[in-house]
Each structure stands twice: as C-alpha cells, then as structure tokens.
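Quick note on our numbering: the sequence shown kicks off at 202 and runs consecutively. Ideal Cβ placement from N, Cα and C applies to all residues, glycine included. Worksheet: the structure to be examined is printed underneath.
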Amino acid sequence: MSKQETQGRISLAAILLLATIAGCLCPAPTWSEEDKTFNVGLRLMDSDFSHPKGGKQTITVAVWYPTEQAPQPFTYHAEETFKSSLVVNAPVAAKSGPYPLVVFAHGAYGSGYNSAFFTEYLACHGYVVAAADYDDMIPPAYRQQVAFSRMKSGNTAKPMAVVAIAGRFVADMNRDRERFFNYLAEHRLPQTSFVIDEVLRLSKTPDSALYQAVKETEIGLCGHSLGGATTLGKIGPHPAPELKDERIKAALLFSAPAYPFDQRLNHVTVPVMVMAGDQDSPAAGPDLPRRTVYDKVRPPKFYLVLKDATHFAFGNRACKGLPTYQAVESVPQVSAICRYGLAFFDKHVRKDMGAARQLDETSPALAYYVKEESPGQTREWGKEPPADRTGGPGGIRKEIRDDIRRRLKGE
Numbered sequence: 202m203s204k205q206e207t208q209g210r211i212s213l214a215a216i217l218l219l220a221t222i223a224g225c226l227c228p229a230p231t232w233s234e235e236d237k238t239f240n241v242g243l244r245l246m247d248s249d250f251s252h253p254k255g256g257k258q259t260i261t262v263a264v265w266y267p268t269e270q271a272p273q274p275f276t277y278h279a280e281e282t283f284k285s286s287l288v289v290n291a292p293v294a295a296k297s298g299p300y301p302l303v304v305f306a307h308g309a310y311g312s313g314y315n316s317a318f319f320t321e322y323l324a325c326h327g328y329v330v331a332a333a334d335y336d337d338m339i340p341p342a343y344r345q346q347v348a349f350s351r352m353k354s355g356n357t358a359k360p361m362a363v364v365a366i367a368g369r370f371v372a373d374m375n376r377d378r379e380r381f382f383n384y385l386a387e388h389r390l391p392q393t394s395f396v397i398d399e400v401l402r403l404s405k406t407p408d409s410a411l412y413q414a415v416k417e418t419e420i421g422l423c424g425h426s427l428g429g430a431t432t433l434g435k436i437g438p439h440p441a442p443e444l445k446d447e448r449i450k451a452a453l454l455f456s457a458p459a460y461p462f463d464q465r466l467n468h469v470t471v472p473v474m475v476m477a478g479d480q481d482s483p484a485a486g487p488d489l490p491r492r493t494v495y496d497k498v499r500p501p502k503f504y505l506v507l508k509d510a511t512h513f514a515f516g517n518r519a520c521k522g523l524p525t526y527q528a529v530e531s532v533p534q535v536s537a538i539c540r541y542g543l544a545f546f547d548k549h550v551r552k553d554m555g556a557a558r559q560l561d562e563t564s565p566a567l568a569y570y571v572k573e574e575s576p577g578q579t580r581e582w583g584k585e586p587p588a589d590r591t592g593g594p595g596g597i598r599k600e601i602r603d604d605i606r607r608r609l610k611g612e
C-alpha cells in the first residue's frame, strides 16, 4: 500500500507565494499572547485507504499542530475564503511534545477545513488535529462523490446543486435507519479510524514530519452535523461493534443529530460534550431534539446551547469575515466553542484537572448549559430554549439555500 505525504499543496502555488510575500512585508497578526501557547503549523497529506469491503481511495488529511516558527498570513479556500495566520509545512514544536491527537469530522458534502477556527485553536494550545476530506456520495446510487469544496481544489460543484443532493440524502436516511447505519459504515467510520492509524504511524516513522508528535494514549474525536453522527458511530452505538474505536477517550459533537443512534446511546462509554445553537433544528431525525444525546448517554456529559446561533455557528462562517484568530477574541459564539471545547478535551483526553474551572462556569454566549460529571451531580445555568428550536421540523436546508442566495447577491 503506498502512502505519501504531500508537500503542503494547500491550494494553488500562487496563493502560498502571495502569503509568503505578505509575510515578508510586515509581521503577521496572530492569536493574542494570553490565548495561545504555540504558533500553528499546517500540513496536507495524501494516504491510500483500502476499504475493508474492497476498493481503494486516496484520502486527503489536513494536520494542524504546534510549531515554534513565526506565522504568515494564510487563506483557506473552501466554499468561501477564510483568512488566518499560520505556517505551512513548518516543523512540529518538538521540545514540548508529544501532543494529544484530536480528529475532526466535517459535515455532509463539506471539507476538512470547515471548522478551521477550532482546529487551529486546539493546535495553538498543544494538540495535533487531523481532518480528512470524506467522500460523501450522490443519491440514490451512492457511488459518485460530490462536495461543496475540497481542501486542495476549493469549490468543486455548484452550491445549489449540492444543496439539492444533501436534501435527497437526508430524506433517504430519515426513511431508512438501516441505510443510514450502512452509509456511515461504508463512507465514514472506517475512514475515521484510518486517519488515526495514519497519524500514529507517521508519529512512529523517523523520517516523517510528524515523528514523535502524538501521544497515542490521548485521542479525542470531534464532528459537526454528519461529522457528529460519524463521531457517535465511533464510540459505541453503531450496531456493528467492530466499528467502535477504543482509542477514543472523549467525543465532542457540534450540532449533531441523535438519529440514527437514538435507540443505542446507552452503548456510549466515553465522556461526551454536545453543543447546539438556540436556532438549530435538526434535519436528520427531525423529531429528536439536539439534547437527546445528552439525555441518553452516561456521565460525564455536557450540553451547551449557544445564543443567536444556527446549525452553521460551528463552521468558519461564524467568524463573520474576520480572520480565525480575531474571531476567537471578538465573536462570542466562536469564543465559547473554542474555550469550552478545549477545556473538555483538556480534562477528558489530556487529564488536566485545571480545565475544570472553565467547565464549572457559564458564559454570556450561552443561552443554556447543563452538565453531569458524576451520576446525580447535575449543574445547570440559564434557560433551555423551546424544543422546537433544537428539535422539530428541520430547517437546515432552507438555511443553506438562503445563505447561498445572499452570497450570490453579494450581500
């Protein structure tokens, strides 16, 4: 099996050249000193995945990691462009490693860049973060891949066409729970464990850029939307027990559906944090409120509802056009996602008990927060939004269509 690390072909070579020139002209802005430990490095890798049921695919994985090199201006090219400050292909900051690993799973028809503000935030606080471009398929045959964008090529399809495809996907899965289980088992879950395998392999390979970068006993998983369902599928409730990955120590869900796992959530055995928006009704399993996962899994567990937040508050669009590092400081929802998400992984992956301080208080950005870290020991802040805001008829597809129309009009 051939496996090849690319040389950081994040987008077009011209983009990297412009970023380098810009960095030579003036110092790059970056994270505030009080909110970082490291600068952020970024590297793209290609690896050949052999599916257990036959067939191969090349999976592109972005890896963010701590580095000591000075950052340069950088632009992510996805459905839209997002600005940041990092170093492409820099060496890992070796003197403080190895580091915990978090794998991020994007939503349906998205890309590994979709929540870069959060993956960067983890990296600047001492995590290696890996995010793959999953191959999501076109219904009804589910044999041809499509996406809003890919990490290497940017936009790959007309947005409205992908919205229509996503709508058919949701309708198919809502009609047939077993089909949803099978889709995840074929197109999402084995690939997720493969990403972990690859990063750990590279961490053990002396000539790899990630040599000795990762602590293999400290692994977390995070996912948005369908990526949240992917995350759930790896921690126990999928009916195929071999798909559970025992290496995962904690799971963070961004606006994730409880469906199709709502009847099997008692099989989850790791700490779970669920984040949702107060205007965030699910499309998959539309009758199940977002907090269903929180209600049915065992402690330790956390449920946070962001104020003035929709399904897409967990993607880069939430940065409101600001560079990622500025959004963490000035956009309340982005700040809350980063700070609570980091504290969750610090406590339950890194085993840093100092993280309890963040988890033991609420934030003005939260409409509601409840946690149960030990059986029967529940703490609650704020007022939970009505169930039809975080459950009931799904409004995600309309939200996508409205957003695309605004962008096409230049609003």
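- For the 9 Å CB-CB criterion, serine 350 and tyrosine 314 form a contact.
- Judged by DSSP secondary structure, alanine 430 falls within the alpha helix (DSSP H) whose first and last residues are 427-434.
- With contact defined as three or more Cβ pairs closer than 8 Å, the region 492-501 and the region 404-423 are not in contact.
- Using a 10 angstroms sphere on the CB of serine 531, the tally of other CB atoms stays under 16, which defines it as exposed.
- The beta carbons of valine 330 and tyrosine 277 sit no closer together than 9 Å.
- The Cβ atoms of histidine 425 and glycine 555 do not sit closer than 9 Å to each other.
- Listed in chain order, the non-local C-beta contacts of glutamate 399 below 6 Å within the same chain comprise Ser248, local neighbours out to five positions each way being set aside.
- Comparing C-alpha distances from phenylalanine 513 to each of Phe275, Pro565, Gly311, Thr259 shows the shortest one belongs to Gly311.
- Counting along the chain, glycine 368 sits inside the alpha helix (DSSP H) bounded by residues 360-376.
- Looking at the backbone, the Cα of proline 461 and that of methionine 374 are separated by about 9 Å.
- The Cβ atoms of alanine 333 and alanine 263 lie closer than 9 Å to each other.
- Around the beta carbon of histidine 252, fewer than 16 other beta carbons sit within 10 angstroms, so the residue counts as exposed.
- Short of 6 Å from the beta carbon of phenylalanine 503, and not among the five residues preceding or following it, lie these beta carbons of its own chain, in chain order: Met474, Lys572.
- 9 Å or more divides the Cβ of aspartate 479 from the Cβ of serine 456.
- If you draw a straight line from the Cα of glutamate 281 to the Cα of cysteine 539, it is about 21 Å long.
- Take the alpha-carbon of glycine 298 and the one of proline 487: they are about 43 Å apart.
- For valine 363, same chain residues with a beta-carbon under 8 Å away, outside a window of 5 residues either side, are Tyr310, Val347, Ala348, Phe349 in chain order.
- Its chain contains Asn315, Ser316 as the residues whose beta carbon lies nearer than 6 Å to that of glycine 516, once the 5 sequence neighbours on both sides are disregarded; these appear in chain order.
- A direct Cα-to-Cα measurement between lysine 548 and aspartate 463 gives close to 26 Å.
- Distances from the CA of proline 533 to each of Phe318, Leu567, Phe545 were compared; the closest alpha carbon is that of Leu567.
- For lysine 497, the enclosing alpha helix (DSSP H) stretches over residues 493-497.
- Residue ranges of uninterrupted beta strand (DSSP E) with 3 or more members, entirely inside the region 226-314 and ordered along the chain, are 240-251, 257-268, 273-278, 282-289, 300-306.
- Counting along the chain, phenylalanine 319 sits inside the alpha helix (DSSP H) bounded by residues 317-325.
- Shown here for arginine 492: same chain residues with a beta carbon closer than 6 Å to its own, the five before and five after excluded, namely Tyr504 in chain order.
- Nearest in C-alpha terms to valine 303, of all of Ser536, Leu453, Ala485, is Leu453.
- For leucine 560 and alanine 451, the gap between their C-alpha atoms comes out near 15 Å.
- Within the region 453-518, the complete alpha helix (DSSP H) runs of at least 4 residues fall at 493-497.
- In the DSSP secondary-structure assignment, glutamine 578 is bridged to Ser575.
- Ranking Tyr570, Lys584, Gly421 by CA distance to the CA of alanine 306 puts Gly421 first.
- For valine 329, the uninterrupted beta strand (DSSP E) segment begins and ends at 329-333.
- A Cβ-Cβ separation of about 19 Å leaves alanine 510 out of contact with leucine 489 under the 8 Å criterion.
- Cβ contact annotation for alanine 358 (same chain, cutoff 6 Å, sequence separation greater than five): Val347, in chain order.
- DSSP, read as helix, strand or coil, puts leucine 411 in coil.
- Threonine 418 carries a strand assignment under DSSP once its states are collapsed to helix, strand and coil.
- Taking the Cβ atoms as the reference, arginine 389 lies roughly 15 Å from glycine 437, outside the contact range of under 8 Å.
- As computed with DSSP, leucine 403 is found in no beta bridge at all.
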